[in-house]
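Here full-length UniProt numbering is used: the first residue of the sequence shown is 1, the next is one more, and so on. The structure under discussion appears below in the form of structure tokens.
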Amino acid sequence: MRVVIAEDSVLLREGLTRLLTDRGHEVVAGVGDAEALLKAVRVLADEGALPDVVVADVRMPPTHTDEGVRASVQLRRDHPDLGVLVLSQYVEEQYATELLAGSSRGVGYLLKDRVAEVREFVDAVVRVARGGTALDPEVVAQLLGRSRKQDVLAGLTPREREVLGLMAEGRTNGAIARQLVVSDGAVEKHVSNIFMKLGLSPSDGDHRRVLAVLTYLRS
């Protein structure tokens with residue numbers, strides 16, 4: 001896996017680099033601001049060496065507001081196959097929603113605290129690089145909480161809502177079954193019901209899981 005890291009804290013940037021390289025991945029660029037991120041990816045793309053995934057801080061110089069997430073959104077527009085995983089100190093609903101508003105493939109939003117959970121963090125980076133999703137449980141809770149207020153989830157049972165939340169974190173059916181202490185078949189039934197209630201047909205393929213989550217987050 002080839003990774004670009006955008007983080008203005010040198011210590012954290014070096015730490016992320018070490019975490020990934022120690023597990024056999026290649027960090028092809030490490031930058032400290034959004035402009036440098038866009039330039040690094042552009043140069044790599046021009047060389048025919050587009051990375052698999054970008055890991056970027058939401059807030060970066062010069063204003064430390066939304067430079068990182070805006071650069072990430074731009075990269076997703078320019079390179080639809082590029083995975084983007086953003087890191088944030090806090091759940092920032094506006095930025096999470098903006099990032100999720102585009103393509104449903106290869107996107108992640110994690111709180112920086114998750115970096116300490118090394119295995120889960122690296123798994124999330126790999127999942128996003130492969131076109132999957134990785135959403136922090138706190139992000140999911142807030143965004144789905146907002147959706148409840150709009151009565152968007154009225155058609156789902158409490159268990160289906162719980163399954164949907166775990167789907168949004170990027171968990172497989174097997175992982176959801178272990179979390180909820182139920183059978184794989186029970187989870188498959190809940191997932192099928194969610195797809196049916198959302199009107200997602202089998203023709204939508206494997207991305208129905210992501211589309212199911214994004215349907216709610218965009219409501």
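Ideal placement from N, C-alpha and C gives every residue a C-beta, glycine not left out.
Subject >> Met196 versus Gly24 - alpha carbon distance >> reply: Taking the sequence shown and counting its residues from 1, the one referred to as residue 196 is at position 196. Taking the sequence shown and counting its residues from 1, the one referred to as residue 24 is at position 24. Cα to Cα, Met196 sits roughly 40 angstroms from Gly24.
**OP:** Let me know the secondary structure DSSP gives Ser183 once reduced to three states.
**Re:** By 1-based counting over the sequence shown, the position of residue 183 is 183. Residue state, collapsed to three classes: coil.
Original post:
Asp184: buried (16+ other C-beta within 10 angstroms of its C-beta) or exposed?
Top reply: Numbered from 1 along the sequence shown, position 184 holds the residue referred to as residue 184. The residue is exposed, with fewer than 16 neighbouring Cβ atoms inside 10 Å.
Original post:
What is the rounded straight-line gap between the Cα of Val3 and the Cα of Val28?
Top reply: Along the sequence shown, read from residue 1 onward, the residue named residue 3 stands at position 3. Along the sequence shown, read from residue 1 onward, the residue named residue 28 stands at position 28. Going by the C-alpha atoms only, they are around 6 angstroms apart.
Original post:
According to the neighbour-count rule (16 or more other Cβ atoms, all chains shown, within 10 Å of its Cβ), is Leu11 buried or exposed?
Top reply: Position 11 of the sequence shown holds residue 11. Classification for Leu11: exposed.
**OP:** Would you identify the three-state DSSP class for Gly24, choosing helix, strand or coil?
**Re:** Taking the first residue of the sequence shown as position 1, residue 24 is located at position 24. The answer is coil: DSSP assigns Gly24 none of H, G, I, E or B.
Original post:
Any idea if Arg13 is buried or exposed, counting beta-carbon neighbours within 10 angstroms, 16 or more meaning buried?
Top reply: The residue you call residue 13 lines up with position 13 of the sequence shown. Looking at its Cβ environment, which holds 16 or more other Cβ atoms inside 10 Å, Arg13 is buried.
Original post:
So does the region 129 to 137 actually touch the region 107 to 118, counting three or more Cβ pairs closer than 8 angstroms?
Top reply: yes
Subject >> Run of the beta strand (DSSP E) containing Leu38, from where it starts to where it stops >> reply: As a first step, residue 38 must be located in the sequence shown, where it is residue number 38. Looking at the DSSP string, Leu38 is not in any beta strand (DSSP E); the run it does join, the alpha helix (DSSP H), is Ala34 to Asp46.
**OP:** Flag this pair as touching only if the region 56 to 64 and the region 80 to 93 have three or more C-beta atom pairs under 8 angstroms; answer yes or no.
**Re:** yes
Original post:
Count the other CB atoms within 10 Å of the CB of Gly174; is the residue buried (16 or more) or exposed (fewer)?
Top reply: Here residue 174 corresponds to residue number 174 of the sequence shown, with the count starting at 1. It is exposed - the Cβ of Gly174 has fewer than 16 other Cβ atoms within 10 Å.
Original post:
By how many angstroms is the C-alpha of Val182 removed from the C-alpha of Met1?
Top reply: Counting from one through the sequence shown, the residue named residue 1 turns up at place 1. Counting from one through the sequence shown, the residue named residue 182 turns up at place 182. Answer to the nearest angstrom: the Cα atoms are 34 angstroms apart.
**OP:** Leaving out five residues on either side along the sequence, give the residues of the same chain with a beta carbon under 6 angstroms from the beta carbon of Arg148.
**Re:** Counting from one through the sequence shown, the residue named residue 148 turns up at place 148. Note that Arg148 scores 48 on pLDDT, short of 50, meaning its location in the model is unreliable; the coordinates nonetheless yield the value given after this. So no residue of the chain qualifies.
Subject >> Enclosing beta strand (DSSP E) for Val125 [first to last residue] >> reply: For the purposes of this step, residue 125 is taken as the residue at position 125 of the sequence shown. Where Val125 is concerned, there is no enclosing beta strand (DSSP E), although the alpha helix (DSSP H) it sits in stretches over Val118 to Ala129.
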